[in-house]
Every structure is written in C-alpha cells, then in structure tokens.
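Participant: Going left to right, the sequence shown walks through residues 55 to 648 as my numbering numbers them. Don't be surprised by glycine CBs; every beta carbon is placed ideally from N, CA and C. Have a look at this one.
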Amino acid sequence: MKIVSWNINGIRTFKGGIKKALDSLDADIICVQETKVTRDLLDERTAIVEGYNSYFSFSRGRSGYSGVATYCKDSATPFAAEEGLTGLLTTNHEGTIGCYGDPREFSSEELQLLDNEGRAVLTQHRVMCENRPETVTVINVYCPRADPEKPERKQFKLQFYKLLQCRAEAILEAGSHVIVLGDVNTSHRPIDHCDPDAIDDFEDHPGRKWLNGLLVDDSEGKECEKDDDEESENTSSKPLSTGKFVDTFRHFHPTRSKAFTCWNTMTGARQTNYGTRIDYIFADHPLVKMGFVAADIMPEVEGSDHCPIWGKLSCPILPSSKLPPLCTRHLPEFAGRQQKLSRFLVKVDQQQPAREACRDPLPGSQEAGETRENLNPLGAAGTSATGKKRKLAVESGVPKGKKIKTLKAANPKPQGNLLAFFKPKSTPVVPTRECPVSQCERGEERNEVTPSQPQTLKGGHSAGQDVPSITGTCTEDPQGVCMGDKVLAPGSTMEDASVNSQNQGKDAALASEPTVDPSCPRKGASLGGFWKTVLRGPPPPPPCKAHGEPCVLRTVKKAGPNMGKQFFVCNRPQGHASNPEARCNFFSWVDKGK
Numbered sequence: 055m056k057i058v059s060w061n062i063n064g065i066r067t068f069k070g071g072i073k074k075a076l077d078s079l080d081a082d083i084i085c086v087q088e089t090k091v092t093r094d095l096l097d098e099r100t101a102i103v104e105g106y107n108s109y110f111s112f113s114r115g116r117s118g119y120s121g122v123a124t125y126c127k128d129s130a131t132p133f134a135a136e137e138g139l140t141g142l143l144t145t146n147h148e149g150t151i152g153c154y155g156d157p158r159e160f161s162s163e164e165l166q167l168l169d170n171e172g173r174a175v176l177t178q179h180r181v182m183c184e185n186r187p188e189t190v191t192v193i194n195v196y197c198p199r200a201d202p203e204k205p206e207r208k209q210f211k212l213q214f215y216k217l218l219q220c221r222a223e224a225i226l227e228a229g230s231h232v233i234v235l236g237d238v239n240t241s242h243r244p245i246d247h248c249d250p251d252a253i254d255d256f257e258d259h260p261g262r263k264w265l266n267g268l269l270v271d272d273s274e275g276k277e278c279e280k281d282d283d284e285e286s287e288n289t290s291s292k293p294l295s296t297g298k299f300v301d302t303f304r305h306f307h308p309t310r311s312k313a314f315t316c317w318n319t320m321t322g323a324r325q326t327n328y329g330t331r332i333d334y335i336f337a338d339h340p341l342v343k344m345g346f347v348a349a350d351i352m353p354e355v356e357g358s359d360h361c362p363i364w365g366k367l368s369c370p371i372l373p374s375s376k377l378p379p380l381c382t383r384h385l386p387e388f389a390g391r392q393q394k395l396s397r398f399l400v401k402v403d404q405q406q407p408a409r410e411a412c413r414d415p416l417p418g419s420q421e422a423g424e425t426r427e428n429l430n431p432l433g434a435a436g437t438s439a440t441g442k443k444r445k446l447a448v449e450s451g452v453p454k455g456k457k458i459k460t461l462k463a464a465n466p467k468p469q470g471n472l473l474a475f476f477k478p479k480s481t482p483v484v485p486t487r488e489c490p491v492s493q494c495e496r497g498e499e500r501n502e503v504t505p506s507q508p509q510t511l512k513g514g515h516s517a518g519q520d521v522p523s524i525t526g527t528c529t530e531d532p533q534g535v536c537m538g539d540k541v542l543a544p545g546s547t548m549e550d551a552s553v554n555s556q557n558q559g560k561d562a563a564l565a566s567e568p569t570v571d572p573s574c575p576r577k578g579a580s581l582g583g584f585w586k587t588v589l590r591g592p593p594p595p596p597p598c599k600a601h602g603e604p605c606v607l608r609t610v611k612k613a614g615p616n617m618g619k620q621f622f623v624c625n626r627p628q629g630h631a632s633n634p635e636a637r638c639n640f641f642s643w644v645d646k647g648k
C-alpha cells in the first residue's frame, strides 16, 4: 500500500486534469490539503474521478479557504469515512468511525468552530499485515496557521492540535492502527528548518512542544544512516519524545538535512531550497515496525508551494464492496437523483443573532466576523439582503405604482425636448488679427485648459481669458451681419469686407510660415512627454552591492505606516546568508522626490 499527502494550494492546481495528476502520483490513497473549494463550487469532474472514490471536507465559514480531500483507488475503497474530528458534522452515523475521546475538554462552541473550517477527513481501511487482517485509520488534516497579525489564531491552532491528538489516540486505543498525515504547519526539529538560528527560542515554540508530546523517539531502532559520521549537528541536544506516533520520514532518514517540503514562492526560495519541512506522515509505532518499508519527499514535483510526500507499507489493502455514505458519489447533485424542495429550506432561529451578540467571543477562535458566519451561516447570508428588502417594503406602506404617480404629479415641469441639448450657444465670436488660430488647434480636437492651470497662448492671451476663435459655423451677431464665417461690423460695406478679407489672407499666409510654437505640440506628436512630466514612473532600478545586478521593485502590503511604499531589493531568490548565489541584504526605499 502506498499513500501520498500533498498540500496542493487549490484544487485547480491540476491544470492537466485531476485524473492525470492522481495517476502520476501512483498511490492507493492520495490525501490533498488546502483545496480551497466549497460544496457549492465543487464540480462533478473534480468530485467524480474514474477509478477513484473521493471524500471531501469543506469550509463552512469562508469561501475559497482551507478544505481537504482524500482520493482512494477503487481497489483501496474504505469501509468507513467521516468528515471532521468532533463528530458534529456527521448526519448519518452509518459508515462512520466514532471514537471521539473525552469531549469534556472542549466546550460545544469550541468543537463547532474547530470543525467549521474543513480541516479533516478520516477514512478507515482493512489491510493484511503479517497474514492477519488489521484496521488502519487515515486522518488527513490541514492544521491551522498561526498568523502573527492575529494572536487569537495561535490559540486556535493549539486547540486544533489538542483535538487532533485526542481523536487519534482515542481511535488507537479502540484497536485500530492510525496514520496522521498532512500539512501540520510546524517544523519539528532545527534540521527541518532552513534557518533555525534566526528564530528565538526555537525549541520553546508551543507547536514544537506539542510535536514532542505526540511523537516517540525511535532513534535506537533506526537501521538506516544510524552510524553516519556526518550526522547533522542540528539533531544533537534535542529532548526525548514520549508520544505514541513516529515521524516516518525521520524513521528512515534521521540525519538528512535540507529535506524541505514548503517554500516561499513569492521570494523564489524554492530555487535555493530555502524552506521548511512541515508536511508529515505520522503512524503509530507498532504499524511502523510491522508494515512501513519506506517514506520520502518528492521535491521534484511542482505546481504548489508544497511538494508531495509519500509512505509505503508492505500490507496489501482489502477493499470494501460498498462505498461509505460520505463518498461524493452519494451527494444528491452527483447521484442523478431529483432533490426535494425542503432541502433548500432551513429553519432559522431569529433570536439566535441576539443571543450571540451578548455572548463573549471565544479565546483562540476565528475572527469575530467569521465566528458569526460559522455559528449562523444562514443568518448572516440569508437574512441580510432579503431582510432589508422586506423591511423597506413593509415600512413604505405605499404600493410602488402609486409612489411613482405621486412623484410624477409633484413635478409639473414638462419634459424638455431632446433637440434643446444640441442648440449652439449664442456667443459672439469676432476674429482678431492679434490671435491667429494655431495649426494644432485646427488639426486636432481642442484641449480645454482649466483656469487652475493658466497657460499663455499666442497673442498674449491667457487660458483664463476668453480667447476668440474662428469656427466654420455661422453665429448670430446682434450688431453685425453674418456672412458665412465672417461678421461685418455696423456701417461696413462689402468693399470693406473684401479689403479686410485680403488683409486677413496676408495674415494667414504669414501665420502659415513654419514657425514653431513650443507650447503647442505638432499634429501627430505623442503626448507621452507631457504625461511623463505629470505621472512619473518608477525610477531606474539601482544595482545591488553584492552582485551588481539590477534590483527588483517591491511594494509594502502589510498594514502599517509603510503600507503602499515601494522599495528595491536584490533580484535573486531568497536563501541562506552563507549562500553566495542567494539574495543579498541590499535594501533601498524609493525616493518619490526623484
């Protein structure tokens, strides 16, 4: 039996098709984490894969967040499956696993919140070990991440660890072997971290203390690399573990360093292997001694910020002839059965939001908004928009039709004619010799200059003054006679008009001479120069001091006084300070004044 675990960072990672990706992993049981899909977004192509049966856990509070799934080959069909660690998500107790430990250690609200993010799926299998049937329970988990900007998530993470250990040990005490695998989000030993010296009190981290209590130190029974003279110094001076589970990778590779499974893809850290090992396959000690033959990581497989890990047992699987109820093939949307209308109608307690408002928030739980959303998902989404609409309809008391008539009656002014918006303004325009129209104003659309930006034009006029212009349309002059595009002053004759026309022709000839106006760009000239003076782009990147290569521009996205500011750093991928090929420590803020 081969089992694989992989944080895929979104189910859409499988661009070439999910079946092709599953087949390429070549495993009987494939556990994926961080699917980022909710049930309403789960499509049939992802849920129903030929040759496999799948089991999903969805986030109830946030869309596109968390979520785990287990794909089993038809030759490795489990005989029981369950979503969550608490049992609260189980509606049909047929085909479940049970064994929840002592629930008195958690309140009912804590249990509900810990299971509301879709972080665990359990499948139970039968295998043949040493010619006798054994039961193996696989717990696929995606443990929470402790966001440093949200202190309450640190407590939430520790509570999830505690619940996971309670459930795993309860199943183990019931007689089943247990495999816990997935993204644990904590590197155990200094050898599992790229730069443990940069972390203060590395061994005192609460997550590492929890791992010390979960895992057993089986260094005495290791057969591989036991007498290696080049044993990493990071493995020395570590406290002994007294738990019931074994880190299968370290069981077979106790001294292998730089065996990381997660990298920061934003800084290109995977190129320099500057990462951590936070993905594990834990198994109870008797099962490791009896059945496990190999375990390793797959850093060559890309597509996520994590790489897959795998473990192999010498125990063949005995498949079940019946799919558990949790299987996606039994979901009504994929089973081909007509759904009842009552499935979409859920009774909502109208007094529940008032009671929740008076309740104190739980320490270590989700954010306040997520808490309300999780405890009353339909109340948050179903009553907000619809309730407002109904409230407005009740308060108005006047039918919509009558309200419209009342508004019309209150406005006795008749509607204006559409042609009134296109009538030219009756502003007298008289051409003068002092201000000939430049070529740029005739050849292209006129650019209006706002009074806030005065500019001096030809003839000494400023943009804030009324500059006369010549147009091809006839405008009425109350004191003159309109002739095409010319206006005769009072008392003028046609001969005067002819003389004036000749004089204007000379002026036009003079104006047509190739004189360049620096304030007016030519026709066809780009306005890029103007916009470059107004909207300055980023300055040229400076070279970093260590490599002499152009730096890369970054923007601060973290909330704080520097949010939105830009800076330059070395363009190379992140790595250890001793690696000359990695990023140097060059840093420079972008000076907006330049």
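Using a Cβ-Cβ distance cut-off of 7 angstroms, determine whether Ile-62 contacts chain C.
Facilitator: Included in the structure is just one protein chain, with no chain C present.
Participant: Starting from Leu-176, trace the beta strand (DSSP E) in both directions and tell me its first and last residue.
Facilitator: 174 to 183
Participant: Assign Thr-319 to one of three DSSP states: helix, strand, or coil.
Facilitator: Of the three classes helix, strand and coil, the one that applies to Thr-319 here is helix, per DSSP.
Participant: What are the partner residues of Cys-85, as DSSP defines its beta bridges?
Facilitator: Beta-bridge partners of Cys-85 (DSSP): Ser-59 and Thr-124.
Participant: Taking buried to mean at least 16 other C-beta atoms within 10 Å of its own C-beta, is Met-320 buried or exposed?
Facilitator: exposed
Participant: Examine the Cβ distances between the segment 324 to 343 and the segment 362 to 376 and report whether three or more of them are shorter than 8 angstroms.
Facilitator: yes
Participant: Report the start-end ranges of each beta strand (DSSP E) in the segment 114 to 164 that is 3 residues or longer and not cut off at the edges.
Facilitator: 122 to 127 and 134 to 137
Participant: Val-175: buried (16+ other C-beta within 10 angstroms of its C-beta) or exposed?
Facilitator: buried
Participant: Leaving out five residues before and five after Ala-636 in sequence, what residues of the same chain have Cβ atoms less than 8 angstroms from its Cβ?
Facilitator: Answer for Ala-636: Thr-326, Tyr-328, Arg-626, Pro-627, Gln-628, Gly-629 and His-630, listed in chain order.
Participant: Using beta-carbon positions only, say whether Glu-188 and Val-195 come within less than 7 angstroms of one another.
Facilitator: No. Outside cutoff.
Participant: In whole angstroms, what separates the C-alpha of Thr-382 from that of Phe-622?
Facilitator: Those two C-alpha atoms are separated by around 49 angstroms.
Participant: Might you give, ordered along the chain, the residues of its own chain that have their beta carbon closer than 8 angstroms to the beta carbon of Phe-159, omitting 5 neighbours on each side?
Facilitator: The identity of residue 159 in the sequence shown is Glu, whereas the question assumes Phe. Same-chain partners within the cutoff: Lys-216 and Cys-220.
Participant: Looking at the structure shown, is Gln-209 part of a helix, part of a strand, or coil, going by DSSP?
Facilitator: helix
Participant: Round the Cβ separation of Cys-605 and Pro-597 to the nearest angstrom and send it over; I've been treating them as touching at under 8 angstroms.
Facilitator: 7 angstroms
Participant: Can Arg-93 and Phe-112 be called in contact, C-beta distance under 7 angstroms?
Facilitator: Taking 7 angstroms as the Cβ cut-off, Arg-93 and Phe-112 qualify as a contacting pair.
Participant: Could you tell me the boundaries of the beta strand (DSSP E) in which Gly-236 lies?
Facilitator: 231 to 237
Participant: Span of the beta strand (DSSP E) holding Ile-72?
Facilitator: Unbroken run through Ile-72 is the alpha helix (DSSP H), 72 to 79; no beta strand (DSSP E).
Participant: Near Cys-183, what residues of its chain come up, given a Cβ to Cβ distance below 7 angstroms and the 5 sequence neighbours on each side ignored?
Facilitator: Met-344, Gly-345 and Cys-369
Participant: For Asn-185, count neighbouring C-beta atoms within 10 Å of its own C-beta (all shown protein chains included) and say buried if the count is 16 or more, exposed if not.
Facilitator: exposed
Participant: If contact is defined by three or more beta carbon pairs under 8 angstroms, each pair taking one atom from either stretch, is the segment 141 to 153 in contact with the segment 82 to 90?
Facilitator: Contact fails: fewer than three Cβ-Cβ distances are below 8 angstroms.
Participant: Name the DSSP bridge partner or partners of Thr-309?
Facilitator: In the DSSP output, where bridge partners are listed per residue, Thr-309 has none listed.
Participant: Assess, as a yes-or-no matter, whether the segment 348 to 359 is touched by the segment 304 to 320 under the definition of 3 or more beta carbon pairs within less than 8 angstroms.
Facilitator: Taking a contact to require three or more Cβ pairs closer than 8 angstroms, the segment 304 to 320 and the segment 348 to 359 qualify as touching.
Participant: Should Ile-233 go down as buried or exposed, given a rule of 16 or more other Cβ atoms within 10 Å for buried?
Facilitator: Around the beta carbon of Ile-233, 16 or more other beta carbons lie within 10 angstroms, which makes this residue buried.
Participant: Between Tyr-154, Asp-271 and Leu-589, which has its C-alpha nearest Glu-227's C-alpha?
Facilitator: Tyr-154
Participant: Should Asn-633 be listed as close to the ligand ATP, given that the test is whether its C-beta is under 6 angstroms from any heavy atom?
Facilitator: Inclusion of the ligand ATP in the displayed structure is not the case, the ligand content being empty and no account of it being possible.
Participant: From what residue to what residue does the alpha helix (DSSP H) around Leu-268 run?
Facilitator: 260 to 268
Participant: Using a threshold of 7 angstroms, state whether the C-beta atoms of Lys-73 and Val-122 are closer than that.
Facilitator: Their beta carbons are not under 7 angstroms apart, which means Lys-73 does not touch Val-122 by this criterion.
Participant: In whole angstroms, give me the CA-to-CA distance for Gly-229 and Ala-134.
Facilitator: 15 angstroms
Participant: Quick one, are the C-beta atoms of Pro-198 and Phe-214 less than 7 angstroms apart?
Facilitator: yes
Participant: Would you identify the three-state DSSP class for Asp-94, choosing helix, strand or coil?
Facilitator: helix
Participant: To the nearest angstrom, how far is it from the Cα of Leu-385 to the Cα of Gly-149?
Facilitator: Those two C-alpha atoms are separated by around 15 angstroms.
Participant: Decide if Phe-110 is buried, meaning its Cβ has at least 16 other Cβ atoms within 10 Å, or exposed.
Facilitator: buried
Participant: According to DSSP, is Ala-389 helix, strand or coil?
Facilitator: helix
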